[in-house]
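So the structure is just underneath, and the comments pick up after that.
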Amino acid sequence: MAAKRPARRSWLFKSEPGTYSIDDLARDGRTSWEGVRNYQARNLLRDELQVGDPVLFYHSSAKPLAIVGLARVVRSGYPDPSAADPSSEHHDPAQDPAVPRWYTVDLEFVAKFAEPVTRDALLARPELAGMMLLQRGSRLSVQPVTDAEWRCVLGLAGLDPRRL
DNA sequence: GCCAACGTTGGC
DNA sequence: GCCAACGTTGGC
986 MAAKRPARRS WLFKSEPGTY SIDDLARDGR TSWEGVRNYQ ARNLLRDELQ VGDPVLFYHS
1046 SAKPLAIVGL ARVVRSGYPD PSAADPSSEH HDPAQDPAVP RWYTVDLEFV AKFAEPVTRD
1106 ALLARPELAG MMLLQRGSRL SVQPVTDAEW RCVLGLAGLD PRRL
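Okay, so the first sequence: first residue is 986 according to this note's numbering, each after it adds one.
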């Protein structure tokens, strides 16, 4: 029997495009996802995200609200350097330097959708009714995405999930 | 700009 | 450990 490999999991990252957009990621090619200051998201970044995991990139507080492209995890969780940097707006003065409190991962640009998959389009799909992004009050900025949700979103984007 | 939802903080 | 106050997120 083949050795069991941990299942690859899919994720959704939220970002306000005025802060960091899919175009910024396309330009940079790769970025460190610094500044997450929520323990639930921190736990995912630190413990769950693995190199190679695919990521949906969502624009929040934007027009339109939409999933706008794809990224990939290229470095798994490591201590967020901005937390220990007094000059950073994300500096956490309460963090003990010896005990990192916040974590980040590195993302690589994969694709920008030809047309954004809008929140309205997502809401119109019955099979996405349970998607975390669409639950009221869901504020988590890093969210797990099921395989079925992933396939549905890529279908809405006009992409074949099997070819990625 | 409003406000619901939710997380964090701090007094007790 | 409870819980009220407060701050933030983010859709509308």
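Cβ coordinates follow ideal geometry from the N, Cα and C atoms, glycine included.
Check: DSSP state of R1022, grouped into three classes?; Outcome: coil
Check: Relative to the alpha-carbon of A1099, which residue among D1091, A1051 and G1020 has its alpha-carbon at the smallest distance?; Outcome: A1051
Check: How long is the line joining the alpha carbons of V1040 and D1081, rounded to whole angstroms?; Outcome: 31 Å
Check: Tell me where the alpha helix (DSSP H) around L1107 begins and ends.; Outcome: R1104 to L1108
Check: Looking only at its chain, what residues have a beta carbon closer than 6 Å to the beta carbon of M1116, apart from the 5 residues adjacent to it on each side?; Outcome: E1134
Check: My output table needs one value for D1077: the three-state DSSP class, helix, strand or coil.; Outcome: coil
Check: Assign R1015 to one of three DSSP states: helix, strand, or coil.; Outcome: strand
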